[in-house]
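Residue numbers (my numbering): 7 to 85.
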C-alpha cells in the first residue's frame, strides 16, 4: 500500500508546492491563479482514481501536461 504524502504530486511524485501543506493559507497557493484542465481530460478512470485516492494536489508540471493534452483533444474535435 502506498503511503499518502500530501506534499507530493500523486502523478509524478514531485513536490507539489501546496501552500496549505506548507502552513500557509489557500489564498497564497499557486493553484488559485492556475487554469485547470476540463473534466474530460481527467475522464480516464485510472487517472481520476489515482488523483482522488492520493488526497494530494497535483504539481504545476502535471497540470501543464494535462492542459496540453486537453488542447490536443480540442484540436482533434475541430479537425
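Virtual Cβ for every residue (Gly too), placed ideally from N, Cα, C.
Exercise. Across which residues does DSSP place residue 21 in a beta bridge pair?
Worked result: Position 15 of the chain shown, counted from the start, is the residue given in the question as residue 21. According to DSSP, residue 21 shares a beta bridge with 14.
Exercise. Excluding sequence positions up to five away, which residues of its chain have a Cβ less than 7 Å from the Cβ of residue 68?
Worked result: Locating residue 68 in the chain shown gives position 62, counting from the first residue. The residues are 15, 17 and 18.
Problem set entry | Reference residue 75; option with closest CA among 42, 28, 20 and 61 | Along the chain shown, one-based indexing puts residue 75 at 69. Nearest option by C-alpha distance: 42.
Exercise. To which residues of the same chain is residue 40 closer than 8 Å at the C-beta, ignoring the five residues directly before and after it?
Worked result: Along the chain shown, read from residue 1 onward, the residue named residue 40 stands at position 34. The answer, listed in chain order, is 66 and 69.
For this session: Alpha carbon to alpha carbon, how far is residue 71 from residue 77? Give it in angstroms, no decimals.
Result: Residue mapping note: residue 77 aligns to position 71 of the chain shown, counting from 1. Residue mapping note: residue 71 aligns to position 65 of the chain shown, counting from 1. Distance between the alpha carbons of residue 77 and residue 71 is about 10 Å.
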